[in-house]
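Trainee: Sharing a structure here in structure tokens format.
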Amino acid sequence: MGSVNLPGGDGGGQDFELNLAPIIDCLVVLITFMLASATFLSIGILDAGISAGGATTTATTPPSIVVTVELKKDFQMQLRVEGKETLTVPIGSSAPANAGASSQWNMPELVQKIRGLRQKYADFGALTIQGDNQLEYREFVTVMDSLRKEIPVVMLGGF
Amino acid sequence: MSTIGLKHFGGKRSLLHKKKHAPSEEMSLNITAMADIFTVILVFLLKSYATSALDISPTAGLKLPTAGANDTLEEATRVEISENAILVDGTPIVALKTFQFQPQDVESNQSSKQLAKEFKRLRDRQLLIAKANSDVKVDAKLIVVSDQRVPYASLKTVLASAALNGYTDFKLAVVKND
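First to last, the protein sequences are chains A and B. In this text, residue positions in the first sequence follow this note's numbering: the first is 1, and each later residue adds one. In this text, residue positions in the second sequence follow this note's numbering: the first is 1001, and each later residue adds one.
Rendered as structure tokens:
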């Protein structure tokens, strides 16, 4: 128990005791509540629209090119460009980073091609990702996350 | 003998009046230091406590994909895709089998009958509220909390069901990997 001795006006001391036990009780309850309700996961949000038939949903004027990235099995990709320029570019998987690891999406090559298209067409601001129906959701998120750094609008397609 | 014994032990008087230390029954606990520790822990937990308009707590066993997302959470309708069920705002709507829809539930336009019905109900309710209260706007946002192992076919079914009922602004919940 804390005890404070305050000097009085005429030389007499004033003692008061601070009862720490209830304070400790409150702190224990608060800490238990915070620990029980805390989520130590940091959750963010990826903005994604859907593209039906390759058309953008928000553009008022049709863009010069419509770009679609198709994800296939075995980490193969295909970049399709339609509009002022028609192009179909296959992009193979990249070598695994570590020995024993599986292949991965060849994002550097895809990003390089997207950058080239952005430099060529100033109004190119959206692309669509579609893929094999059995591919897992995380692969789409991985590709979307990489492409979002290069292009503002990334949509999901294949509907 | 007793005298010798007493003498040995320093005399009768000293034996009888030998001081015995009474066992102490009181133990003082310095709880000031404990209060300090608890205060520091509490301050740390308060600082890291996430307070936002929307609290996303994935159900047990649900693994979110990771991404470097920066967008902030906003209040919106939430659909959760787990291995065995699809939940809309916490209510199970459709039963899944290993992340797959039942074939009889999926229609030709790639939407799910049950899910589309639920989205329609929520949409109609939103429209009714917006009609009665001009301050309330109809919201096209939908937060998708999906397990990373969900096949794209199932995700498309969910998104198609939502899009057909006016939910076109999809927000994918991910774990930040910053």
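Here a beta-carbon is modelled for each residue, glycine too, at the ideal position from N, C-alpha and C.
Rounded to whole angstroms, what's the CA-CA distance from Val29(A) to Ala1033(B)? Just pull it up for me.
Mentor: Looking up residue 29(A) in the first sequence gives position 29. Looking up residue 1033(B) in the second sequence gives position 33. Computed Cα separation, rounded: 18 Å.
Trainee: Does any C-beta atom of chain A lie closer than 8 Å to the C-beta of Gly1068(B)?
Mentor: Locating residue 1068(B) in the second sequence gives position 68, counting from the first residue. For Gly1068(B), the answer is yes, since a Cβ of chain A falls inside 8 Å of its Cβ.
Trainee: Between Ile43(A) and chain B, is any beta-carbon pair separated by less than 8 Å?
Mentor: Here residue 43(A) corresponds to residue number 43 of the first sequence, with the count starting at 1. Yes, because at least one Cβ of chain B sits closer than 8 Å to the Cβ of Ile43(A).
Trainee: Answer yes or no: do Leu156(A) and Leu1062(B) have a C-beta to C-beta separation smaller than 8 Å?
Mentor: Taking the first residue of the first sequence as position 1, residue 156(A) is located at position 156. Taking the first residue of the second sequence as position 1, residue 1062(B) is located at position 62. Cβ distance not < 8 Å, so Leu156(A) and Leu1062(B) don't count as in contact.
Trainee: Determine the direct distance from the alpha carbon of Cys26(A) to that of Pro1151(B), and round the result to whole angstroms.
Mentor: Mapped onto the second sequence, residue 1151(B) falls at position 151. Mapped onto the first sequence, residue 26(A) falls at position 26. Roughly 48 Å separates the two Cα atoms.
Trainee: Excluding the 5 residues flanking Asp1169(B) on each side, which residues of the same chain have their C-beta closer than 6 Å to its C-beta?
Mentor: In the second sequence, the residue the question calls residue 1169(B) occupies position 169. These residues qualify, in order along the chain: Ala1140 and Lys1141.
Trainee: Is the shortest distance between the beta-carbon of Gly116(A) and the beta-carbons of chain B less than 8 Å?
Mentor: On the first sequence, residue 116(A) is found 116 positions in, with the first residue counted as 1. Not an interface residue.
Trainee: Taking only three categories from DSSP, how would you classify Ala55(A)?
Mentor: Position 55 of the first sequence, counted from the start, is the residue given in the question as residue 55(A). The predicted position of Ala55(A) is uncertain, since its pLDDT is 43 and thus under 50; a value taken from the coordinates is nonetheless stated next. It is a strand residue.
Trainee: Is Asp145(A) closer than 8 Å to Lys72(A) when the C-beta atoms are compared?
Mentor: Residue numbering aside, residue 72(A) sits at position 72 when the first sequence is read from its first letter. Residue numbering aside, residue 145(A) sits at position 145 when the first sequence is read from its first letter. Taking 8 Å as the Cβ cut-off, Lys72(A) and Asp145(A) do not qualify as a contacting pair.
Trainee: Under 8 Å by Cβ, that's how I've got Leu1172(B) and Ala48(A) pegged, so tell me the actual separation to the nearest angstrom.
Mentor: For the purposes of this step, residue 1172(B) is taken as the residue at position 172 of the second sequence. For the purposes of this step, residue 48(A) is taken as the residue at position 48 of the first sequence. About 5 Å separates the two Cβ atoms, so the contact holds.
Trainee: Since Lys1156(B) contacts Phe140(A) with CB under 8 Å, what's their CB separation in whole angstroms?
Mentor: Here residue 1156(B) refers to the residue found at position 156 when the second sequence is read from its first residue. Here residue 140(A) refers to the residue found at position 140 when the first sequence is read from its first residue. 10 Å between Cβ atoms; not a contact.
Trainee: Tyr1049(B): which of Ser42(A), Leu46(A) and Phe75(A) sits nearest, CA to CA?
Mentor: Within the second sequence, numbered from 1, the residue matching residue 1049(B) stands at position 49. The shortest C-alpha separation from Tyr1049(B) is found at Ser42(A).
Trainee: Report the CB separation of Val154(A) from Ile114(A) in whole angstroms; it is logged as a contact under 8 Å.
Mentor: Locating residue 154(A) in the first sequence gives position 154, counting from the first residue. Locating residue 114(A) in the first sequence gives position 114, counting from the first residue. The Cβ separation is near 10 Å, so there is no contact.
Trainee: Closer than 7 Å, Cβ to Cβ, to anything on chain B: give me those residues from the segment 133-148 of chain A, in chain order.
Mentor: Within the segment 133-148 of chain A, the qualifying residues are Asn133, Gln134, Leu135, Glu136, Tyr137, Arg138, Phe140, Val141 and Asp145.
Trainee: Once the 5 residues before and after Leu1087(B) are set aside, which same chain residues still bring their CB inside 6 Å of it?
Mentor: Start at 1 with the first residue of the second sequence, and residue 1087(B) comes out as number 87. Cβ within range, chain order: Glu1080.
Trainee: Which word fits Ser1028(B), buried or exposed, when buried means at least 16 other C-beta atoms lie within 10 angstroms of its C-beta?
Mentor: Working through the second sequence from its first residue, we reach residue 1028(B) at position 28. Counting Cβ neighbours within 10 Å, Ser1028(B) comes out exposed, since fewer than 16 surround it.
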